[in-house]
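If you read the protein sequences in the order shown, they are chains A and B. Using the numbering used here, read the first sequence as starting at 11 and increasing by one per residue. Using the numbering used here, read the second sequence as starting at 4 and increasing by one per residue.
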Amino acid sequence: MAFLLRRLAFYLAAFLVAATINFFLPRLMPGDPIQIMFASAGSELSLENLNALKLTFGFIDAPLHEQYFAYLKSVFTGDLGRSIKYFPLPVTELLGRALIWTVGLMGIATVISFTLGSFLGIFAAWRRGRAVDSVISLGAIFSSSVPAVVVSLIMLFIFGYTLRWFPNGYAANPLIDPAWNWQYISSVLYHGTLPMLTLVFVLTGGFAVTMRNNMINLLGEDYIVMARAKGLSDNNVMLWYAARNALLPTVSSLAIAIGTILGGSLVTEVVFNYPGLGNTLYQAIIARDYPVIQGQLLIMTAAMLVSNFVVDLSYVLLDPRLKKA
Amino acid sequence: MKLISQLLQNKKAMTGLVILTIILLVAIFAPLLTEYSPVKRVGRPHQPPSWDHWLGTTRLGHDVFARLVYGARVSLAVGFGAGLMITIIGTVLGIIAGYKGGVVDEVINFFTNMVLVVPNLPLLLVLAAFIGQASPLVIAIILGLTSWAWGVRVTRSETLSIRQRDFVKSAEMLGEPSWRIMLFEIFPNLISIVGINFIGSVIFAVITEATLEFLGLGDPNTVSWGIMLYNAQNAAALSVGAWWDLLSPCFALAFLGLGLALINFAIDEIANPRLRTGGMLNRWTRMVRIGEGKL
């Protein structure tokens, strides 16, 4: 319990760091920060609306620390301001809509690639030095070292443009109304396949390499020899003695990997024109819609912290030593 | 030195080094490889590959091959520059935190963990968006300043275990100053970790630079692989069938990434002999396998 509380306090502090960066960044840039933040609005914003936005971002006639607390107050009350491009749409609503698609796409891709990568890693470690190991290791190295943007573009070129197996964009056929029926759901699945495959390709390698290296380090341990000496079957030793213990560090690497996964999903969404956070962010960058750009840092940090906390929880479950601490 | 001679005997490392050398030579001798300037209009827009233009032309009539070979300079410079910065910050902070311990360690460790949980790419995007059109140099600097945390974590935990060894204890007994111990006793034992951190950071920097530029945060006048992707995407290269425009920088990036990853994997194998499955160890496992029937 104490362990989890300590983690929670830490995550709160980390979130504060992200908010602090947001606060100081426009103020550190040369020039007038208000001008920088809201320049893309031009003269479309009425004075009243502009003043409301200024208040949200802490641009008040007061010393810096009071401005800072004003900004923190808006952040912690869930007010991230309004998008300038889609005024008056609140940033939280704009990003909330997009977040569903990203979480769906990324969540499923992470589960698939974590499972697939772990099994490939276990298998490669068990057959280390043989042909299977070389193929898996080299494939894993390749998949984890090629930029996600490159994989996305090549996938789009092959399966979208050349073979025409999958659509080139959008989360679903825009002509079908969103509803809980098979027609819409199948369209979502069909449109999601290519971005999903791309993400699985990008992510699996990293998990496989981590798992393989953990496994190989464990295979020399005494309890593995003991399990063999007891005459247990190969599969039994591989999965229940070696893999089970090798999984622990892999889970913690998953926590760090979530940040990279977010990044990978960003560009994949842009390439496949998928309506998730990444694409929303891309549109915001093009339009210099700073409230949205800042808001996504906070939302992605929050997403990262939540998933880290979930990993912490699973760590407690997987490693009994932590329960006592 | 031992690390280098071991690297030269490793097949994966050799392949990686050859790939890296090819790209390096291409970057250095770019003007000899192509007669075209990478920034001048030298042909009609979107010409397919031909004898005159080996990889075709872009929508603006630039020669794709010329841009590719000159662009290698930027990718390598940003990759190795930012990689070096990330590694130096990570190693210095990691050794100090691990060796000094106490309050110093707690402060460094706290900040490291904090930086680790703030997602990197979104943070970079915010920074780059406020900077505007970031030149490769600016991109390298912000990468260097924001991405050192992983290196600190790894270096610190390794330093913690080395600190307990006898040779460090005896150096302390002899009254060596702590900077000397950190530099001459601890650092040489971390060389493979530093190597992995360095190559990993170079991969990260190359990928991230290309990504930021692809997303439109780079300076569009730069000749680099990321800007090539950005221009090709903006010119809708795939939908108009100009695949050469988009796929050339794609393959270049994949090639560089593969070369670096092979080197990294090899250093990992050398640092951690259990992971090594070729050569000596292979013979050893086979002996064990014969002796034991299985394993």
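Just so it is clear, CB atoms sit at the ideal spot from N, CA and C, and this is done for glycine as well. Please read all numbers here as calculations on a predicted model, not as lab measurements.
- Rounded to whole angstroms, Ala134(A) and Leu249(A) show a C-alpha spacing of 13 Å.
- The region 88-102 of chain A makes contact with the region 296-304 of chain A, as at least three CB pairs between them are under 8 Å.
- For Ser123(A), no Cβ of chain B is located within less than 8 Å of the residue's own Cβ.
- Of all residues in the region 209-228 of chain A, only Asn223, Ile226 and Asn227 come within less than 7 Å of chain B when Cβ atoms are compared, listed by chain position.
- Residue pairing by DSSP leaves Thr94(B) without any beta bridge partner.
- For Gly219(B), the chain A residues whose Cβ falls inside 9 Å of its Cβ are Tyr292, Ile295 and Ile296, in order along the chain.
- Within its own chain, the residues whose Cβ lies closer than 6 Å to the Cβ of Leu232(B), once the five positions on either side in sequence are excluded, are Phe217 and Pro252, listed in chain order.
- Gly91(A) carries a coil assignment under DSSP once its states are collapsed to helix, strand and coil.
- Here Gly221(B) is bridged, per DSSP, to Ala137(B).
- Not flagged as an interface residue toward chain A: Val157(B), since no C-beta distance is shorter than 8 Å.
- Note on geometry: alpha-carbon atoms of Val156(A) and Ala137(B) lie some 23 Å from one another.
- Closest in alpha carbon position to Leu35(B), among Tyr73(B), Gly59(B), Leu10(B) and Leu250(B), is Tyr73(B).
- One finds Ser155, Val156 and Pro157 in chain A with Cβ atoms closer than 7 Å to the Cβ of Gly260(B), taken in chain order.
- Residue environment for Phe79(A): exposed (fewer than 16 other C-beta atoms within 10 angstroms of its C-beta).
- When DSSP assignments are scanned along the region 190-214 of chain A, no uninterrupted stretch of beta strand (DSSP E) that is 3 or more residues long falls wholly within it.
- Sequence-distant partners of Leu307(A) (beyond 5 residues in either direction) whose C-beta falls short of 8 Å from its own C-beta, in its chain, are Ala28, Ile31 and Asn32.
- For Thr162(B), the enclosing alpha helix (DSSP H) has its first and last residue at Ala152 to Arg166.
- For chain A, the residues of the region 200-214 of chain B that bring a beta carbon within less than 7 Å of one of its beta carbons are Ile206, Ile210, Ala213 and Thr214, in chain order.
- Remark: C-beta atoms of Val281(A) and Ser162(A) approach each other more closely than 8 Å.
- In this structure Ile70(A) is exposed. Its beta-carbon is surrounded by fewer than 16 other beta-carbon atoms within 10 angstroms.
- With respect to the 8 Å criterion, Thr290(A) and Thr208(A) are not classified as neighbours on the basis of their beta carbons.
- Inter-segment contact for the region 115-130 of chain A and the region 231-239 of chain A is absent: fewer than three beta-carbon pairs are separated by less than 8 Å.
- Distance from the Cα of Arg16(A) is smallest, within the candidate group Phe319(A), Leu328(A), Ser324(A) and Ala189(A), for Phe319(A).
- The three-state secondary structure of Asp66(B), taken from DSSP, is strand.
- Secondary structure of Pro252(B) (DSSP, three-state): helix.
- The beta carbons of Val219(A) and Ile151(A) sit closer together than 8 Å.
- Annotation for Tyr300(A): the continuous alpha helix (DSSP H) segment containing it runs Tyr300 to Leu328.
- In its chain, beyond the 5 residues on either side, Met47, Tyr81 and Gly91 have a beta carbon closer than 7 Å to the beta carbon of Phe67(A).
- Restricted to the region 123-198 of chain A, the alpha helix (DSSP H) segments that are unbroken, complete and at least 4 residues in length are 141-155 and 158-165, listed in chain order.
- Taking a beta-carbon distance threshold of 8 Å, Met314(A) counts as an interface residue toward chain B.
- Contact between the region 149-158 of chain B and the region 107-117 of chain B is present: three or more C-beta pairs spanning the two stretches fall below 8 Å.
- Per DSSP, Thr24(B) has no beta bridge partner at all.
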